[in-house]
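J.:
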Amino acid sequence: MMITHFSHHHPLSPYQVELDHHDHHQKHDDQDHDHDHDHDDQITICSGCELELISGSSAYKCNKPGCDFRLHELCSELPRESRHPSHPQHPLTLLFTPHYSFTCKACAGSGTAFIYSCTACRFDLHVSCIALAESVRRVDHEHPLELVFSSKEEECCGICGCSFVEGCWAYLCRGCGSYGTHLECATSEEEEEKELLVGSGENEEERGIPGSR
Ligand SMILES: [Zn+2]
Ligand SMILES: [Zn+2]
Ligand SMILES: [Zn+2]
Ligand SMILES: [Zn+2]
Ligand SMILES: [Zn+2]
Ligand SMILES: [Zn+2]
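Residue numbers for the sequence shown follow full-length UniProt numbering, beginning at 1 and rising by one.
Laid out in structure tokens, this is it:
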């Protein structure tokens, strides 16, 4: 069944993402390239969240020849308006082509696709950042790490050793008090990260800890 999505002026059709080879997601044969995907055309990117479309998942693509617009099924269902505890004072609106170059308040990254924005405050979040789990567990740390909405530059990421960007989000351990990680480092080994788009991270239990089976 074709759908029309407010972010795109052509109709979209559902399809099943299939990448015939180059899909080493489960395997990790070559450690060095762990999550540094080769950007060949086997990899398709969601036009909404700018993340990879994983083989076997459901997605939508544009029917128009030559148009490469695609959306994760979940991205096609993102609500037009959302609220987030990091900006409790205003609702955030889903914008699909920001007219300005935005900086995500969570990760300090930029982007060209969907964002949740409070235009009054110029408060912008990637759709993937707004969906970050409130806490994560890592095999290499004994406590769960909690999402905090501001980090201090003088503290360093416990995984990569680099400092935080002042004011950006991070995962911190309340147990240790001093252990924290960058957002992307906390989830760097967890391919299931994309599933977080589903909700607010309530199903961490199911998210399996890599290497602990
Ligand atoms: Zn997406
Ligand atoms: Zn199109
Ligand atoms: Zn972000
Ligand atoms: Zn605001
Ligand atoms: Zn890091
Ligand atoms: Zn700890």
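Quick reminder that beta carbons are idealized off the backbone N, C-alpha and C, glycines included.
Compute the minimum distance between the beta carbon of Cys185 and the heavy atoms of ligand 5, and state whether it is under 7 Å.
T.: Numbered from its first residue, the sequence shown carries residue 185 at position 185. Checking every heavy atom of ligand 5 against the Cβ of Cys185, one is found closer than 7 Å.
J.: Where Ile43 and Gly56 are concerned, what is the direct C-alpha to C-alpha distance, given to the nearest angstrom?
T.: Within the sequence shown, the letter at position 43 stands for residue 43. Within the sequence shown, the letter at position 56 stands for residue 56. Roughly 13 Å between the two C-alpha positions.
J.: Pick out the complete alpha helix (DSSP H) segments inside the segment 52-110, 4 residues or longer, and give them in chain order.
T.: Runs found: 73-76.
J.: Can you tell me which of the three DSSP states Gly146 falls into?
T.: Start at 1 with the first residue of the sequence shown, and residue 146 comes out as number 146. Note on residue identity: the sequence assigns Glu, not Gly, to residue 146. Reduced to three states, the DSSP call for Glu146 is strand.
J.: Do three or more CB pairs link the segment 87-98 to the segment 132-139 at distances below 8 Å?
T.: Taking 8 Å as the limit for Cβ pairs, the verdict is that the segment 132-139 does not touch the segment 87-98.
J.: Verify the contact flag: Ala170, CB atom, against every heavy atom of ligand 3, threshold strictly below 7 Å.
T.: As a first step, residue 170 must be located in the sequence shown, where it is residue number 170. Not under cutoff, so the answer is no.
J.: For Ala106, which residues of its own chain have a beta-carbon under 6 Å away from its beta-carbon, when the five flanking residues on both sides are left out?
T.: As a first step, residue 106 is located in the sequence shown; it is residue number 106 there, counting from the start. The answer, listed in chain order, is Leu125, Cys129 and Trp169.
J.: For Leu145, collect the residues of the same chain with a Cβ closer than 8 Å to its Cβ; drop the 5 residues on either side in sequence, then sort them by chain order.
T.: In the sequence shown, residue 145 corresponds to position 145, counting from 1. Cβ within range, chain order: Ser135, Val136, Arg137, Arg138, Tyr171, Leu172, Cys173, Tyr179, Gly180, Thr181 and Ala186.
J.: Is the number of C-beta pairs between the segment 112-122 and the segment 152-169 that are closer than 8 Å three or more?
T.: no
J.: Tell me where the beta strand (DSSP E) around Ile115 begins and ends.
T.: Within the sequence shown, residue 115 is the residue found at index 115, counting from 1. It spans Ile115 to Cys118 - the beta strand (DSSP E) in which Ile115 sits, taken as one unbroken run.
J.: Mapping DSSP to helix, strand and coil, what is Tyr15?
T.: Counting from 1 along the sequence shown, the entry for residue 15 is found at position 15. In the structure shown, Tyr15 sits in a strand (DSSP, three-state: E or B).
J.: Helix, strand or coil for Ile45, going by three-state DSSP, please let me know.
T.: Residue 45 sits at position 45 when you count from the first residue of the sequence shown. DSSP places Ile45 in strand when its eight states are reduced to three.
J.: Just reading off the alpha helix (DSSP H) that Leu183 is part of, what are its end residues?
T.: Sequence index remark: in the sequence shown, residue 183 carries index 183 (1-based). Unbroken alpha helix (DSSP H) run through Leu183: Leu183 to Ala186.
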